[in-house]
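Report on one structure; see the data block that follows.
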Amino acid sequence: MERGLNVNESTRMRVVHRLKQWGSATVADLARDLNLSGVSLRRHLDILERDHLVTAHVQPRGRGRPVKVYRLTEEADRFFPERYSEFAVDLLQGVREVFGERALRRLLQHWTSKLIERIKGRLMGKSLRERVQLLTEAMTEMGFLASWRCVGAGRFILTQAHCPLRRIVSVCPELCEQELRMHEEVLQACVTRECFMPHGEAVCRYQIRRSSSRAKALSSPR
0 MERGLNVNES
10 TRMRVVHRLK
20 QWGSATVADL
30 ARDLNLSGVS
40 LRRHLDILER
50 DHLVTAHVQP
60 RGRGRPVKVY
70 RLTEEADRFF
80 PERYSEFAVD
90 LLQGVREVFG
100 ERALRRLLQH
110 WTSKLIERIK
120 GRLMGKSLRE
130 RVQLLTEAMT
140 EMGFLASWRC
150 VGAGRFILTQ
160 AHCPLRRIVS
170 VCPELCEQEL
180 RMHEEVLQAC
190 VTRECFMPHG
200 EAVCRYQIRR
210 SSSRAKALSS
220 PR
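So this is what it looks like as structure tokens:
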């Protein structure tokens, strides 16, 4: 049994793993392989389908009765390891080794500029408070588990409790400086970093203050 799972959950994970290996399967195929009754297996499949982890379609079988065939949805991918961070680390290290630090900085600046462009469109014409709220939502969508609070007139705190890029930052700390630049650009405010996860602190925290000169740039589209 997998640690932390009860008997039923463990059985469902066996179903998920088998579907991943096979691509698709019928109740009869799975029941035979997992040594379960058809009734028991259907109950597990119903739960997996309810949780959007499997989907089913009816497949004709010649002259015989059509049969239901099950396959995993994209939602089920979360149960299988992905090596995106390792790939990104290797790729960035390769850029540094082959093309040098300057090329790596240009690549990160380009990535940040694209991100700024994407987020900034949501913030046009908004107050600083609204910009902070919308940036927080955007960061959470990207996996940073962000929150914000007002600490005075025109002053806010933005906290990021998780960093999905932490593995990458360990070999490419320049990303953190690009993040600070992004916050300043999209908020059009003065942003100061108070806490920093790479320095061993539990969160990354930013103090945000209104900047009249920056706010003008975002108040009206050009």
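According to numbering that gives the first Met the number 0, the sequence shown holds residues 0 to 221 in order.
C-beta atoms are modelled at their ideal positions from N, C-alpha and C, and glycine is treated no differently.
Query	Result
Please report how far the alpha carbon of V15 lies from the alpha carbon of H56, in whole angstroms.	17 Å
What three-state label does DSSP hand L52 in the structure shown?	coil
Could you tell me whether the stretch 88–103 touches the stretch 115–126, using the rule of 3 or more Cβ pairs below 8 Å?	no
Which residue from L144, Q206 and T54 puts its Cα closest to that of T191?	Q206
State whether the stretch 192–206 contacts the stretch 155–165, with contact taken as three or more CB pairs (one from each stretch) at a distance under 8 Å.	yes
Compare the C-alpha of M181 against each of R128, L134 and L44 and name the closest.	L134
Would you list the one or two residues that DSSP bridges to Y205?	L157 and R192
Taking R104 as part of the alpha helix (DSSP H), name the residues at either end of that continuous run.	E100 to L122
Can you name the start and end residues of the alpha helix (DSSP H) that R130 belongs to?	L127 to E140
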